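Participant: The structure's right below; bear with me while I get my questions together.
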Amino acid sequence: MSDQPAVSDVDIAVVGGGAAGCVLAARLSERPDRTVALIEAGPDYPDPEALPEDLRSGWRSAGSHDWGLTDEATGAVVARAKVVGGCSATNGTIALRGASADFDGWAALGNPGWSFAQVLPDFRRIETDLDFSDDWHGQHGPVPIRRYGPKELTAVNAAAYEALVEAGFAEVTDHNRPGAIGVGPAPVNTVGGVRMSAAATYLRQARDRPNLSILADATADRVLLERGTATGVRLADGRIVRAGRVVLAAGTYGSPAILLRTGIGPAHDLAVLGLPCRSDLPGVGANLQEHPGISVIWPLARELPDGPRFQIVATQAAPGHTAGDGPWLQHVPAATPTLFWVSATVMNPRSRGRVRLATLDPLARPRITLNLLAELEDLAAMVEGVRSARHVGARGPLKELAGGPEQWLGAGIQDPAELADALRRAVWTYHHACGTCAMGPDPQTGSVVDAQGRVYGVDNLWVADASIMPVIPSANTHLPTLMIAEHLAGQIAAAD
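In the working numbering, the protein residues as written are 2 to 497.
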């Protein structure tokens, strides 16, 4: 154990100040006699007026404050935000929940408490929906949710909406209502052009509490264990945060890396790193899931004014689907002033990747292998997704905006085998990675945490972020991540 003095001594240490971490810090500090420390590797911007413009604007994803991660096999960028607010401070602000079948599926895997009916109150607790007031939507949560009206749509998004309807997509007014499949306005957490991140909503309401401390620019190394119980967190600079309970919310790449450096994970991998095994959990770092995406791109015939990028979303059900199944494919049209695209995304991928460590250095990048489109079923679905995107782009309203043929790696390719090869080279990560600390009933078959988020084999240690998702939802993962933190915060607090 380090001889460094404790920089903080608290009841609960939350490691990771991203989307989940901001929710946890805010909820766990609601009781004034409970002390909470939020530990984040990136910078903090407590003054909203000092927020960098790309983090403030909800019109598009931000590229700054990135961890600089890459896929080890392909070299492709794996974007993850390094800032208080995490990816909620940099994402495209699409606020989809996922299908009810997604969460019912989690419960069916042996995770009681996670059915859609049981997590719906958590989704409602997150939001103040500015468009809908009914049993499906919240009215008193910290995150405002709205949808762009027809008069707010950019020229490309308006044309894409018409083209998708012409292509046969049913019109949907509320994509967060169970059973919604079709085209409609995307629910977003952007209001007045400003991104309503977890830092700008949840954490802002809690910042002034004297029982909450925020340690920014503080990279976590490992969890401190004494006789099988978590007692705090060691930072990369050797400082110590002592805590009665430790909650990892460092994300799909960060949480398993911290567990591995702690000696929690596959015994063989730990031995290779020279670490004693404190809890043999084969699932740590395994089960990595991600939505694979392709952008079918066309040049614009004339330059158009810039504007909000992600305004509408379209979904398709799988062939032979049954009522209640989630989307199989998703399209999100978008544009810059000189080009536009229709994305194609496989929403229930079968391919799995992995996160490992190359070194015990907490400042070193983890070894990430995504394996996008590794399974033939995913590749076949993506072929259909690209055909559908092309079909939409060729419809009148969008075709009239195009200044030429497709311009991407698979442009003009029709042969299925050649197209499949192009897709393998052009596929990108949708920034929805999850699953590397999966929850489930049996640690020897890959579960890392139980249904309450408790790490198997260690007391007073939880994981509460997207890494515990056993199966990726059929939607963007921002709202499901907030939901996980909401769902587990009460259970962690009840461990007093």
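Glycine is no exception: its CB is placed at the ideal position from the N, C-alpha and C atoms.
What you are looking at is a predicted structure, and each value in this text was computed from that prediction instead of being measured.
Suppose you measure from the CA of G266 to the CA of P283; what does that come to, to the nearest Å?
Facilitator: By one-based count along the sequence shown, residue 266 stands at place 265. By one-based count along the sequence shown, residue 283 stands at place 282. Spanning the two alpha carbons is a distance of roughly 6 Å.
Participant: Helix, strand or coil: how does DSSP classify S3 here?
Facilitator: Taking the first residue of the sequence shown as 1, we reach residue 3 at position 2. Residue placement at S3 is flagged as unreliable, the pLDDT there being 45, under the threshold of 50; the coordinate-derived value follows with that caveat. Here S3 sits in coil by DSSP.
Participant: Which value, in whole angstroms, describes the spacing of the CA atoms of S3 and P363?
Facilitator: What you label residue 3 is simply residue 2 of the sequence shown in a count that begins at 1. What you label residue 363 is simply residue 362 of the sequence shown in a count that begins at 1. Because S3 carries a pLDDT of 45, less than 50, the predicted location of this residue cannot be relied on, and no value is offered for it.
Participant: Identify the continuous beta strand (DSSP E) that holds A335 and give its terminal residues.
Facilitator: Stepping through the sequence shown from its first residue, residue 335 is reached at position 334. P334 to A336 is the span of the beta strand (DSSP E), which, as asked, contains A335.
Participant: Please determine if the segment 379-396 and the segment 343-351 are in contact, where contact requires at least 3 C-beta pairs separated by less than 8 Å.
Facilitator: yes
Participant: Cβ of A187 within 9 Å of Cβ of Y149?
Facilitator: For this step, residue 187 is matched to residue 186 along the sequence shown. For this step, residue 149 is matched to residue 148 along the sequence shown. Cβ atoms of A187 and Y149: closer than 9 Å.
Participant: Once the 5 residues before and after A108 are set aside, which same chain residues still bring their CB inside 8 Å of it?
Facilitator: As a first step, residue 108 is located in the sequence shown; it is residue number 107 there, counting from the start. Within the same chain, A108 has close Cβ partners G114, W115, S116 and Q119.
Participant: For R228, count neighbouring Cβ atoms within 10 angstroms of its own Cβ and tell me buried if that reaches 16, exposed if not.
Facilitator: Working through the sequence shown from its first residue, we reach residue 228 at position 227. It counts as exposed.
Participant: Between the segment 127-143 and the segment 466-475, can you find at least three pairs of beta-carbon atoms closer than 8 Å?
Facilitator: no
Participant: For A318, which residues of its own chain have a beta-carbon under 7 Å away from its beta-carbon, when the five flanking residues on both sides are left out?
Facilitator: Locating residue 318 in the sequence shown gives position 317, where the first residue counts as 1. Cβ neighbours of A318 beyond the five flanking positions: I182, D326, P328 and W329.
Participant: Rounding to the nearest angstrom, what Cα-Cα distance links A452 and N112 in this structure?
Facilitator: The sequence position of residue 452 within the sequence shown is 451, counting from 1. The sequence position of residue 112 within the sequence shown is 111, counting from 1. Using only the alpha carbons, I get a separation of about 5 Å.
Participant: Evaluate contact between the segment 214-226 and the segment 257-272, counting only Cβ atoms and requiring at least three cross-stretch pairs below 8 Å.
Facilitator: With contact defined as three or more Cβ pairs closer than 8 Å, the segment 214-226 and the segment 257-272 are in contact.
Participant: Within the chosen definition, does the segment 285-301 reach the segment 347-361 through at least 3 CB pairs nearer than 8 Å?
Facilitator: Output reads yes: the segment 347-361 touches the segment 285-301.
Participant: Considering only the alpha carbon of each residue, which of Q206, T360 and G321 lies closest to V273?
Facilitator: In the sequence shown, the residue the question calls residue 273 occupies position 272. Out of Q206, T360 and G321, T360 has the C-alpha closest to the C-alpha of V273.
Participant: Going by CA-CA distance only, name the one from D130, A168 and D132 that's closest to G397.
Facilitator: Taking the first residue of the sequence shown as position 1, residue 397 is located at position 396. Out of D130, A168 and D132, A168 has the C-alpha closest to the C-alpha of G397.
Participant: Counting along the chain, where does the beta strand (DSSP E) carrying W299 start and finish?
Facilitator: Sequence index remark: in the sequence shown, residue 299 carries index 298 (1-based). Residues P293 to P300.
Participant: Helix, strand or coil, according to DSSP, for W115 in the structure here?
Facilitator: As a position in the sequence shown, residue 115 is number 114, starting the count at 1. DSSP places W115 in coil when its eight states are reduced to three.
Participant: Just to confirm, are L380 and L371 a CB contact at a threshold of 9 Å?
Facilitator: Indexing the sequence shown from 1 puts residue 380 at position 379. Indexing the sequence shown from 1 puts residue 371 at position 370. Contact: no.
Participant: Run the CB neighbour count on A496, radius 10 Å, all protein chains shown included, and call it buried at 16 or more, exposed below.
Facilitator: In the sequence shown, the residue the question calls residue 496 occupies position 495. Exposed.
Participant: Could you name the residues of the same chain whose beta carbon sits closer than 8 Å to that of P179, not counting the 5 residues immediately before and after it, in chain order?
Facilitator: The count along the sequence shown starts at 1 and reaches residue 179 at position 178. Non-local C-beta neighbours of P179 in its own chain, meaning closer than 8 Å and more than five positions away in sequence, comprise A100, S101, F117, W137 and G325, ordered along the chain.
Participant: Along the chain, where does the alpha helix (DSSP H) that runs through R425 open and close?
Facilitator: For the purposes of this step, residue 425 is taken as the residue at position 424 of the sequence shown. P417 to A427 is the extent of the alpha helix (DSSP H) around R425.
Participant: Taking the Cβ atom as the reference point for each residue, do I146 and N177 lie within a distance shorter than 9 Å?
Facilitator: Within the sequence shown, the letter at position 145 stands for residue 146. Within the sequence shown, the letter at position 176 stands for residue 177. In this structure, N177 lies closer than 9 Å to I146 by Cβ.
Participant: Can you check which of these residues, I295, V456, P47 and L358, is closest to S198 by C-alpha distance?
Facilitator: Sequence index remark: in the sequence shown, residue 198 carries index 197 (1-based). Comparing Cα positions, the closest option is P47.
Participant: For the candidate residues R126, A421, P444 and S468, whose alpha-carbon lies nearest to that of T437?
Facilitator: Looking up residue 437 in the sequence shown gives position 436. Nearest option by C-alpha distance: S468.
Participant: Taking contact to mean 3 or more Cβ pairs, one atom from each stretch, closer than 8 Å, check whether the segment 247-256 and the segment 9-25 are in contact.
Facilitator: In this structure the segment 247-256 touches the segment 9-25; the number of beta carbon pairs closer than 8 Å is three or more.
Participant: Find out if the Cβ-Cβ distance for the pair R243, V84 is shorter than 9 Å.
Facilitator: Working through the sequence shown from its first residue, we reach residue 243 at position 242. Working through the sequence shown from its first residue, we reach residue 84 at position 83. No, Cβ-Cβ distance for R243 and V84 is not below 9 Å.
Participant: Under 6 Å Cβ to Cβ from Q331, same chain only, skipping five residues before and after it: list those, please.
Facilitator: Here residue 331 refers to the residue found at position 330 of the sequence shown. Correct list, in chain order: T316, T346 and M348.
Participant: Ignore the nearest five residues each way along the sequence and tell me which others in A217's own chain have a CB closer than 8 Å to its CB.
Facilitator: Against the sequence shown, residue 217 aligns to sequence position 216. Cβ within range, chain order: G18, E41, G43, P44, D45 and V85.
Participant: In the DSSP assignment, what are the bridge partners of T71?
Facilitator: As a working note, residue 71 is residue 70 in the sequence shown. In DSSP, T71 forms a bridge with V78.
Participant: Is the distance from the Cβ of R126 to the Cβ of E407 below 9 Å?
Facilitator: Against the sequence shown, residue 126 aligns to sequence position 125. Against the sequence shown, residue 407 aligns to sequence position 406. Contact: no.
Participant: Check the C-beta distance from H479 over to A20 and give it rounded, since I have them as a contact under 8 Å.
Facilitator: Taking the sequence shown and counting its residues from 1, the one referred to as residue 479 is at position 478. Taking the sequence shown and counting its residues from 1, the one referred to as residue 20 is at position 19. Contact flag correct, Cβ pair sits at about 6 Å.
Participant: What would DSSP say about D326, mapped onto helix, strand or coil?
Facilitator: Mapped onto the sequence shown, residue 326 falls at position 325. It is coil, neither helix nor strand.
Participant: Output needed for A74: all residues of its chain with C-beta closer than 8 Å, excluding positions within five of it in sequence on either side, in chain order.
Facilitator: Here residue 74 is taken as the residue at index 73 of the sequence shown, counted from 1. Once the five neighbours on either side are set aside, the close Cβ partners of A74 are T370, L371 and N372.
Participant: Along the chain, where does the alpha helix (DSSP H) containing L377 start, and where does it finish?
Facilitator: Here residue 377 is taken as the residue at index 376 of the sequence shown, counted from 1. Element bounds for L377: L377 to G394.
Participant: What residue range is occupied by the uninterrupted beta strand (DSSP E) comprising R355?
Facilitator: Start at 1 with the first residue of the sequence shown, and residue 355 comes out as number 354. R355 to R357 is the span of the beta strand (DSSP E), which, as asked, contains R355.
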